[in-house]
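A.B. asks:
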Amino acid sequence: MIDNESLKRSEILTNIAQDFFEYKQNYFEQRKKRKNEGFKKKLLNYFDATDTLWNDWHWQINHQINKTEQLNELFDISMEKQHEIQSVEKKYRWSVTPYYLSLITDFNEFDPIYLQVIPQILEMNSNWEEDPMNEINNNPAGAVTRRYPDRVTINLTNKCASFCRHCQRKRNIGEVDHCIDNSILKDSLDYLSKHPEIRDVLLTGGDPLTLSNQYIESVLKEIREIKSVEIVRIGSRTLVTLPQRIDQTLIKIFKKYGPIYINTQFNHPNEICNESILACNKLADNGVMLGNQSVFLKGVNNNYNTLALLNELLLKNRIRPYYIFHPKNVKGTNHFYISIEEGIDIYDKLRGNISGLAIPTYIFNSHGGYGKISLNKQMLELSTNKKIKIQTWEGKYIEIYLDAM
Ligand SMILES: *Cc1c(COP(=O)(O)O)cnc(C)c1O
Ligand code: SF4
């Protein structure tokens, strides 16, 4: 006999599920209608290209869109908009793969893909710092950043497949592409050899997967020769902006030098489509562990349904939600900022409502390079005047503002 209380409870839970359930149905219906083919066809025509070229990552990189004339030819944008973009690009360059551009559904500031790659004049009205995380003072050797006892990052290049407008390393993006010198790479690897307590190495950039297979293989080979290094992670947004990058040779390299963990950055459900899923599947099928590190971004994912769906879709496609970062006060990114209060309100609703496996940890990256701190609801309750002191992993207190920067 099933008791009445259980049935009542079940009905309550079904009711709670309803809102998000309907949102999803509606989302997928809309998506089916657009099919996302529109802009891809347009771009193929524009470049007079074939599907085969489209699927070649070198073609995608060589046909990055980075001129207002091109946007105008493709989307017929106003003179005013062109002038705006031209004034921003003098300070922060922009560039986007045809693939990622094709994910835009409406070419305007309300589209989550547009927001992430098309410059906005708002980037220029910013008095924030270039490097609030103080990466420069955490650089003991070569291209190494060390903030923790057992792990480091090595910054291999400042190249990216598309430049994100919200990038926390915007200061590095405004220059020309460069890959680190061999001597800097050597200094970085020597540092690892001399510090056997370091067992986890995170290759970052820019985006290390913009580098050639040959180069990636040589770096992995050298790292694997250092026996104290147990874990190799790669931070790459190519799964999102250039999924064609995951070619057979790269997969073979990862198999040979594995286990490899790749952390990527999906920020919106629209980014999870056939092409990106295919790339993720190839990696997961070959033993690469996939994680996701989103950034909480105003206009992109600062609402509950979007965030919940994003993380459900990631999990379903074998990409484990790992972190969601609170946006930093990096110069030129003010327009993406949300308050910690807003972030916690949205984030906290995930717990209980969706699978625990689909919930990333909400992270505040502390000023001064003291590392990551996880944010939670209790912080709202413990605050006074919207201010709260929180502890770094070392027990150092820092003060954060919950309502504004
Ligand atoms: C984020 C980060 C890491 C990795 O931290 P996890 O919490 O282990 O993912 C390592 N080094 C630096 C400098 C970092 O910023
Ligand atoms: S891929 Fe990463 S490093 Fe490159 S622009 Fe985007 S956020 Fe910045």
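What the sequence shown shows, in this note's numbering, is residues 85 to 489, in sequence order. Beta carbons are placed, not taken as given, at the ideal position from N, Cα and C, and that holds for glycine.
Short check: CB of leucine 317 to CB of asparagine 347, under 9 Å?
C.D. replies: Taking the sequence shown and counting its residues from 1, one reaches residue 317 at position 233. Taking the sequence shown and counting its residues from 1, one reaches residue 347 at position 263. Position check: residue 317 holds arginine in this sequence, whereas leucine was assumed. A contact, by the Cβ cut-off of 9 Å.
A.B. asks: Taking the continuous beta strand (DSSP E) assigned at aspartate 271, which residues delimit it?
C.D. replies: As a first step, residue 271 must be located in the sequence shown, where it is residue number 187. From DSSP, aspartate 271 is part of no beta strand (DSSP E) but of the alpha helix (DSSP H) over 266-278.
A.B. asks: Leaving out five residues before and five after tryptophan 143 in sequence, what residues of the same chain have Cβ atoms less than 6 Å from its Cβ?
C.D. replies: The residue labelled residue 143 in the question sits at position 59 within the sequence shown. Cβ within range, chain order: Leu137.
A.B. asks: The beta strand (DSSP E) spanning glycine 436 covers which residue range?
C.D. replies: Against the sequence shown, residue 436 aligns to sequence position 352. That residue, glycine 436, is in no beta strand (DSSP E); its alpha helix (DSSP H) goes 434-437.
A.B. asks: Across which residues does DSSP place threonine 181 in a beta bridge pair?
C.D. replies: Mapped onto the sequence shown, residue 181 falls at position 97. Paired residues: none, contrary to the question.
A.B. asks: State the start and end residues of the unbroken alpha helix (DSSP H) segment that holds glutamate 483.
C.D. replies: Here residue 483 corresponds to residue number 399 of the sequence shown, with the count starting at 1. First-last for glutamate 483: 481-485, but that is the beta strand (DSSP E), not the alpha helix (DSSP H).
A.B. asks: I think lysine 254 touches tyrosine 176, with their Cβ atoms under 8 Å apart; what is that distance to the nearest whole Å?
C.D. replies: The count along the sequence shown starts at 1 and reaches residue 254 at position 170. The count along the sequence shown starts at 1 and reaches residue 176 at position 92. About 6 Å separates the two Cβ atoms, so the contact holds.
A.B. asks: Taking 8 Å as the cut-off, is the CB of phenylalanine 528 close to at least one heavy atom of ligand 2?
C.D. replies: Given a span of 85 to 489 for the chain in the structure shown, any question on residue 528 remains unanswerable.
A.B. asks: Considering serine 90, what are the terminal residues of the alpha helix (DSSP H) in which it resides?
C.D. replies: One-based indexing of the sequence shown puts residue 90 at position 6. Note, serine 90: alpha helix (DSSP H), 88-118.
A.B. asks: For the region 369-413, which segments carrying the alpha helix (DSSP H) assignment without a break, of at least 4 residues, lie completely within its bounds, in sequence order?
C.D. replies: Counting whole runs of 4 or more residues, the region 369-413 contains the alpha helix (DSSP H) stretches 388-400.
A.B. asks: If distances are taken between C-alpha atoms only, which option among Arg249, Ala392, Thr288, Met463 comes closest to tyrosine 421?
C.D. replies: Against the sequence shown, residue 421 aligns to sequence position 337. That would be Arg249, whose Cα lies nearest to the Cα of tyrosine 421.
A.B. asks: Could you give the residue range of the alpha helix (DSSP H) that holds leucine 137?
C.D. replies: Position 53 of the sequence shown holds residue 137. Counting along the chain, the alpha helix (DSSP H) containing leucine 137 begins and ends at 135-138.
A.B. asks: Leucine 326 to valine 260, Cα distance in whole Å?
C.D. replies: Position 242 of the sequence shown, counting from 1, holds the residue named residue 326. Position 176 of the sequence shown, counting from 1, holds the residue named residue 260. One C-alpha to the other measures close to 20 Å.
A.B. asks: Specify, as a first and last residue, the run of the beta strand (DSSP E) that phenylalanine 448 falls within.
C.D. replies: Along the sequence shown, one-based indexing puts residue 448 at 364. 445-449 is the span of the beta strand (DSSP E), which, as asked, contains phenylalanine 448.
A.B. asks: Three or more beta-carbon pairs under 8 Å between the region 144-160 and the region 86-101, yes or no?
C.D. replies: No, the region 144-160 is not in contact with the region 86-101.
A.B. asks: Compare the Cα-Cα distances from cysteine 251 to each of Asn266, Ser267, Glu207 and report the closest residue.
C.D. replies: Taking the first residue of the sequence shown as 1, we reach residue 251 at position 167. When each option's Cα is compared against that of cysteine 251, the closest is Glu207.
A.B. asks: Select from Lys470, Ala442, Asn389 the residue whose C-alpha is nearest the C-alpha of glutamate 106.
C.D. replies: The sequence position of residue 106 within the sequence shown is 22, counting from 1. Checking every option, the nearest Cα to that of glutamate 106 belongs to Asn389.
A.B. asks: Can serine 302 and histidine 279 be called in contact, C-beta distance under 9 Å?
C.D. replies: Counted from its first residue, the sequence shown places residue 302 at position 218. Counted from its first residue, the sequence shown places residue 279 at position 195. No, these two residues do not count as a Cβ contact at 9 Å.
A.B. asks: Are there 16 or more other CB atoms within 10 angstroms of the CB of lysine 339, so buried, or fewer, so exposed?
C.D. replies: Position 255 of the sequence shown, counted from the start, is the residue given in the question as residue 339. That one is exposed.
A.B. asks: Can you give the Cα-Cα distance for threonine 417 and tyrosine 431, rounded to whole angstroms?
C.D. replies: Start at 1 with the first residue of the sequence shown, and residue 417 comes out as number 333. Start at 1 with the first residue of the sequence shown, and residue 431 comes out as number 347. The alpha-carbon atoms of threonine 417 and tyrosine 431 are separated by roughly 21 Å.
A.B. asks: Using only alpha-carbon positions, find the residue among Asn370, Val172, Asn139, Asp190 that is nearest to aspartate 160.
C.D. replies: The count along the sequence shown starts at 1 and reaches residue 160 at position 76. Taking only the C-alpha atoms, the option nearest aspartate 160 is Asp190.
A.B. asks: So, for aspartate 271: in the same chain, excluding its five sequence neighbours on each side, which residues have a beta-carbon less than 6 Å away from its beta-carbon?
C.D. replies: Mapped onto the sequence shown, residue 271 falls at position 187. So the qualifying residues of the chain are Ala225, Gly226.
A.B. asks: Quickly, what does DSSP pair asparagine 347 with across the bridge? List them, please.
C.D. replies: On the sequence shown, residue 347 is found 263 positions in, with the first residue counted as 1. For asparagine 347, which the question treats as bridged, DSSP gives the partners Gly319, Gly375.
A.B. asks: Would a C-beta distance cut-off of 9 Å place valine 372 and tyrosine 406 closer than the cut-off?
C.D. replies: Taking the first residue of the sequence shown as position 1, residue 372 is located at position 288. Taking the first residue of the sequence shown as position 1, residue 406 is located at position 322. Cβ distance not < 9 Å, so valine 372 and tyrosine 406 don't count as in contact.
A.B. asks: As a quick exercise: from Tyr299, Gly319, Asn386, pick the residue whose alpha carbon is nearest that of glutamate 425.
C.D. replies: Taking the first residue of the sequence shown as 1, we reach residue 425 at position 341. It is Asn386.
A.B. asks: With a threshold of 8 Å on Cβ separation, who are the neighbours of arginine 404 within its own chain once the five nearest residues in sequence on each side are excluded?
C.D. replies: Within the sequence shown, numbered from 1, the residue matching residue 404 stands at position 320. Cβ within range, chain order: Met373, Leu374, Gly375, Asn376, Leu398, Leu441.
A.B. asks: Name the two residues that bound the continuous beta strand (DSSP E) containing glutamine 475.
C.D. replies: To locate residue 475, count along the sequence shown from 1; it is residue 391. It spans 471-475 - the beta strand (DSSP E) in which glutamine 475 sits, taken as one unbroken run.
A.B. asks: So asparagine 239 is in the beta strand (DSSP E); what residue range does that whole segment cover?
C.D. replies: Translated into the one-based positions of the sequence shown, residue 239 becomes position 155. From DSSP, the beta strand (DSSP E) with asparagine 239 extends over 235-239.
A.B. asks: Considering only C-alpha positions, which residue in the set Leu273, Ser186, Ser423, Cys364 is nearest to leucine 381?
C.D. replies: Here residue 381 refers to the residue found at position 297 of the sequence shown. Closest option to leucine 381, Cα to Cα, is Ser423.
A.B. asks: What are the boundary residues of the beta strand (DSSP E) that includes serine 73?
C.D. replies: Outside the shown range of the chain (85 to 489) lies residue 73, about which nothing can therefore be said.
A.B. asks: Any idea which residues DSSP pairs lysine 456 with across the strands?
C.D. replies: As a first step, residue 456 is located in the sequence shown; it is residue number 372 there, counting from the start. Its beta-bridge partners are Asn449.
A.B. asks: Hey, out of Cys263, Asn222, Asn223, whose CA is closest to asparagine 242's CA?
C.D. replies: As a position in the sequence shown, residue 242 is number 158, starting the count at 1. Among Cys263, Asn222, Asn223, the Cα nearest to that of asparagine 242 is on Cys263.
A.B. asks: Following a CB-centred definition, is arginine 231 positioned closer than 8 Å to any heavy atom of ligand 1?
C.D. replies: Along the sequence shown, one-based indexing puts residue 231 at 147. Yes, the Cβ of arginine 231 comes within 8 Å of a heavy atom of ligand 1.
A.B. asks: Select from Phe131, Gln298, Gly436, Ser450 the residue whose C-alpha is nearest the C-alpha of tyrosine 485.
C.D. replies: Here residue 485 refers to the residue found at position 401 of the sequence shown. When each option's Cα is compared against that of tyrosine 485, the closest is Ser450.
A.B. asks: Restricting to Cα atoms, I'd like to know which of Asn192, Gln298, Asp132 is closest to glycine 383.
C.D. replies: Locating residue 383 in the sequence shown gives position 299, where the first residue counts as 1. The candidate whose alpha carbon is nearest that of glycine 383 is Asn192.
A.B. asks: Glycine 289: beta carbon under 8 Å from a heavy atom of ligand 2?
C.D. replies: Here residue 289 refers to the residue found at position 205 when the sequence shown is read from its first residue. True, at least one ligand heavy atom lies under 8 Å from that Cβ.
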